[in-house]
Every structure is written in structure tokens, then in C-alpha cells.
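Notes follow once the structure below has been shown.
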Amino acid sequence: MVETKRGPASYHYVCTRMRVRKSLLIPKEEYLRMLNMSLPEITRSIGETGYKKEIDELATSFSGIDLVEVALSWNLAKEYQRILAITPGALRHFTENYLRSWDIQNVLTILRGKMQGVAAGRIKELMIPAGMKDRAFLDRLLAEETPERVVEALKGRRIHQTLEEGLPEAMETGSFANLENRLYVQFYDELVRDAMSGIKGGRIFLEYIRLEIDVKNIKNLFRLRASGIEEEIRDLMIPGGSFTPRELQVINTTRDRDEFIDLLKKRVHSPPLKSALEGLRKKRPIREIVVELTRIQLDQMERMSKRHPFSICPIFVYLEKKKHEVLNLRAITRGKESHLPAEQIQGYLVM
Amino acid sequence: MVDPVMTLTTVEMVEASQIGMKSLAAALAVVGTGVAAAFAEYGIGSAAVGATAENKDVFGLVLLLTVIPETIVIFGLVVALLMLF
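Chains as they are written, first to last, in the working numbering: chain A, 2 to 352; chain B, 787 to 871.
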């Protein structure tokens, strides 16, 4: 393992490794080739790339689409843990905090599964242990009988209080959506506070997180518009970005699409995001808008990583791109299994 | 009246001092470029090890990149030799 001393040398080392790993991710042409393959061919093709080890390991327990999905999840989790192992000092601190979003996702998966009485084995297949809580801890949570016991087992963890407060309402309504919103608001709030605590590299990290919060809020606004929801949305929005929840509430009540886009553009600082918003004046399916915004976010992050070559940015860009590679492969395999046409599957891919 | 012995001693002292200053300047040229090369190699070397850890095929290329700053020391050495001889 790399020595985790502070200093520029370790930044050069880790950032270069991330850049090399990023260059080895599946290119756009390969995705387009996969779109014309059958499911077994895609499985074989994935098995020939960086996922070979997981596909071989799991081939005895799973087959078909399940094999691909579990192999992709395992690979992602292992990759993230390996990155944590080589990341030093402040970079590790930020990376750990950033990966906690996976803990939230896993805990919510367990809670939802427990509430609906799903078998522990099936829940485990759906989890991606890419966060700070290791497999053993997640297995302990899985072994708990009820959602209340799961929350109790998380005592002393950052998310415990929010879970404890939100669980009764979630159990009563049968929906974890509000609790999920609160957890993610808390998550981003902690990230922003960490970045502003004066720690080395905090300014770049803050810039990065603000961009992510902005894009998330804009995506949610488009989703809310598509669903015609005009009521109080402040609780659904994430504070800490360029917009305050109050401003987002005002923007959401604007019915005229041109005015809506103008209001968004007024507060957004990044030129590519501004031009992307300009392209969204014409009504388009929400799926296309979300993919377009995700692509712009990744491009922006890539630019930031070039502006700050030895910072947290190259690491986060790789983490995000790797996640989207897994999501793309999953979309292709799921789409193929459902016999969707290649053009339709392509619409779901972030390339 | 000028003392010839005294004059000779002064000239020898000045000559010795000039040689000393030359040596010092030559040493500074080598030390300065050496430190600069070390500083450059520090970053390049770390990145080179990172790249090699991911892809062993680039070892030859990154080794070449790592030693490129050595040319700075050669410039320093040439300047030092020109000063001394």
C-alpha cells in the first residue's frame, strides 16, 4: 500500500493512476458495438474487459442478466475500495465523505427490503457496498429482523438521528421518499461544511460539490415540471449550490418555459451548462434532459480536473465515470433482456 | 617607495581570491541546477510510478520522461567547467 504522507508527490501518484484508469474505461464506440450484440455476447464482451475476475467468480452462482448485474456491482464496490486504499491524507478524507452516498443508498435498500419482507439474500444482490460501511457491517444490518432494528444498529453513525426521526413517517406512509430526501440533504450539507472547514483542497472540493448540487437541483426541477408538481418543493431541493431552495421554489412556479430557462441561466455560472439549458427551451422527454444534464456535468467535472490536475478532481471524475460505465452496461443488458430497440437503449446511455 | 615583496603578496592574494570566487560560482551552478532537477524529478517520478502501477507497458516512456530534467544538471556542469578551465 502507498504511504499516506501529505505532500505533492502522493497527489501526483494518485491523480496519475486515476487518469490512467479513466483512459481504460469503455469507450463510446464499444457501447455502440454492444448495442448490436445479443445478451450472451454482451456478457462475454464485458467478461473480456475489466470485469473478467468478477464474472468468473460469480459464474457458478448466477447466470444471464443477474450474473452481469451482480458482477458490475461487485466490481464497482471493489474498485472504490481500492481507490480509498491508495488515496492519501486530505484526498482520502474527501473521498470517504463523498462515498458515503453509497451507504445511504444501501441502508435505504435494506430498509425498503425489510419493510416489504424481501429475503436477505435478494436484498444483498441489490446492494453496492461501495461506501464506507463494509460488507460485514452491511451483513449485520441485513440480519436484523425489522426496519426499526436496522436503524437501532446504526446508532452512533452520522445518519442515525435522521433515520430515527424519519422512520415512523416512512413506515406509516409506506414510502421512504421523504426520508431519502432528508438523508441526501444532510449528506450534501455535511460535504459543503467539510469543504468550508479550511481543510487543504477544500475550495476545489466545494466548487465540485456545488456543480453537482446545481445539476441535481436542475434535474429535479425538470422532473417536477414534467410531473406538473407546483406545491411546496423546498424540502425536495438541496441547499448549498448556486440556488437557494426559496429561489428554486420561485423558479418551479414559473409556468412559461422560456422564462423558466432564463431564470435558471441567470444563476448558473458555467458556460456549457448555460448553453445546454438554452438547448432545453424546446420541450423534450425528461429522460433525454436528465441524460443531457448528466453528460454536461461530467464534461464540466472533466474540465475542472484538467484545471486542477493534482487535486481531488481527477479522483472524483474517475469515480463518477466508473459509476456511469456500470450504469450504462446495466442499461444495455437490461434493455437487451427486455428486447428494447437499440436506439431506445442508446437514449439511456451517458457517453 | 613601493615594496616589491608586498606588491607580489597582494597580487598572489588577488589571484587566489579570483580562483576561489570561480570555484564558488562553479559550485553554485552545479548545486542550483541539481536542486532544480531534483524538484522537477520529484513530481515527474511520482506520476511515473503511478502510471507504471496501472500500466507496466509505459515503463520505458516514463523512465525517459523522468530523466529529462537531468539535462538541467548537464547545463550547470558545462557552465561550471567553462568557468574553471
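Using N, Cα and C, we set each Cβ at its ideal position, and we do this for glycine too.
For clarity, every value in this text was computed on a predicted model and none was experimentally measured.
Next on the checklist: What are the residues in the stretch 75 to 105 of chain A lying within 9 Å of chain B by C-beta distance?
Outcome noted: ILE87
Next on the checklist: Using a 10 Å radius around the Cβ and a threshold of 16 neighbouring Cβ atoms, would you call A/ASN37 buried or exposed?
Outcome noted: exposed
Item to check | Run of the alpha helix (DSSP H) containing A/ARG296, from where it starts to where it stops | outcome: 287 to 308
Checklist entry - Which residue's Cα is closest to the Cα of A/LEU207: A/ILE234, A/LYS217 and A/VAL193? => result A/VAL193
Checklist entry - How big is the Cα-Cα spacing for A/SER306 and A/TYR189? => result 20 Å
Checklist entry - Between the stretch 825 to 850 of chain B and chain A, which residues of the former have a C-beta closer than 7 Å to a C-beta of the latter? => result TYR828, GLY829, SER832, ALA833, VAL835, GLY836, ALA837, ALA839, GLU840 and ASN841
Checklist entry - Between which two residues does the alpha helix (DSSP H) carrying B/VAL816 extend? => result 790 to 840
Item to check | Pair within 8 Å by beta-carbon distance, A/MET116 and A/PRO148 | outcome: yes
Checklist entry - Nearest chain B C-beta to A/HIS13 closer than 8 Å, yes or no? => result yes
Checklist entry - Taking 8 Å as the CB-CB limit, is A/LYS267 close to chain B? => result no
Checklist entry - Beta-carbon separation of A/VAL152 and A/LEU168 under 8 Å? => result yes
Checklist entry - Rounded to whole angstroms, how far is the Cβ of A/ALA72 from the Cβ of A/ILE56, which I believe are closer than 8 Å? => result 5 Å
Next on the checklist: Does B/MET869 come out as helix, strand or coil in the three-state DSSP assignment?
Outcome noted: helix
Checklist entry - For A/ARG18, which residues in chain B fall below 8 Å Cβ to Cβ? => result GLY836, ALA837, ALA839 and GLU840
Next on the checklist: Comparing C-alpha positions only, which one of B/MET869, B/GLY862 and B/LEU870 sits nearest to B/ALA823?
Outcome noted: B/GLY862
Item to check | Three-way DSSP call (helix, strand, coil) for A/VAL327 in this model | outcome: helix
Next on the checklist: Tell me the rounded alpha-carbon separation between A/ARG335 and A/LEU68.
Outcome noted: 12 Å
Checklist entry - How would you write the range of the alpha helix (DSSP H) that A/ARG1 sits in, first residue to last? => result Residue 1 of chain A falls outside the range modelled here, since chain A spans only 2 to 352, and no answer is possible.
Next on the checklist: Out of A/ILE129, A/ASP135, A/ILE111 and A/VAL351, which one is the CA nearest neighbour of A/ARG150?
Outcome noted: A/ILE111
Checklist entry - In three-state DSSP terms, what is A/ASN98? => result helix
Next on the checklist: When you compare the CB of A/GLU4 with every CB in chain B, is at least one pair closer than 8 Å?
Outcome noted: Note that A/GLU4 scores 40 on pLDDT, short of 50, meaning its location in the model is unreliable; the coordinates nonetheless yield the value given after this. Judged by the 8 Å Cβ criterion, A/GLU4 is not in contact with chain B.
Checklist entry - Beta carbon of A/ASN179, beta carbon of A/GLU170: below 8 Å? => result yes
Checklist entry - For A/THR163, which option in A/VAL108, A/ARG123, A/ILE262 and A/LYS275 has the closest C-alpha, if you only look at C-alpha atoms? => result A/VAL108
Next on the checklist: Judging by CA-CA distance, which residue of A/GLY157, A/GLN106 and A/SER228 is the nearest neighbour of A/ILE287?
Outcome noted: A/SER228
Item to check | Residue-chain proximity (A/SER22, chain B), Cβ-Cβ < 8 Å | outcome: It should be pointed out that residue 22 of chain A corresponds to Arg in this sequence rather than to Ser. By this cut-off, A/ARG22 is an interface position.
Checklist entry - Would the beta-carbon of B/GLU865 fall within 8 Å of that of B/ALA834? => result Checking the sequence, you will find Val at residue 865 of chain B rather than Glu. Not a contact, by the Cβ cut-off of 8 Å.
Checklist entry - Out of B/LEU851, B/THR857, B/PHE845 and B/GLU798, which has the shortest C-alpha to C-alpha gap to B/VAL821? => result B/THR857
Next on the checklist: Cutting at 8 Å between CB atoms, please list the residues of its own chain near A/ARG18, excluding the five before and the five after it.
Outcome noted: ILE87
Item to check | Minimum Cβ-Cβ distance from A/LYS148 to chain B less than 8 Å | outcome: For clarity, residue 148 of chain A is Pro in the given sequence; the question names Lys instead. So no, A/PRO148 is outside the interface.
Checklist entry - Taking buried to mean at least 16 other C-beta atoms within 10 Å of its own C-beta, is A/GLY280 buried or exposed? => result exposed
Next on the checklist: Cutting at 7 Å between CB atoms, please list the residues of its own chain near A/PRO310, excluding the five before and the five after it.
Outcome noted: CYS16
Item to check | Range covered by the alpha helix (DSSP H) that runs through A/LEU278 | outcome: 272 to 279
Next on the checklist: For A/SER271, which residues in the same chain have their Cβ closer than 6 Å to its Cβ, ignoring the five residues on either side in sequence?
Outcome noted: GLN301
Checklist entry - Since A/ALA131 meets chain B, which of its residues come closer than 7 Å, beta carbon to beta carbon? => result Ordered by position in chain B, no residue passes the 7 Å Cβ test against A/ALA131, which lies about 20 Å from the chain.
Next on the checklist: Looking at chain B, is there any beta carbon in it that lies within less than 8 Å of the beta carbon of A/PRO9?
Outcome noted: yes
Item to check | With 16 other Cβ atoms within 10 Å as the buried cut-off, status of B/PHE845 | outcome: exposed
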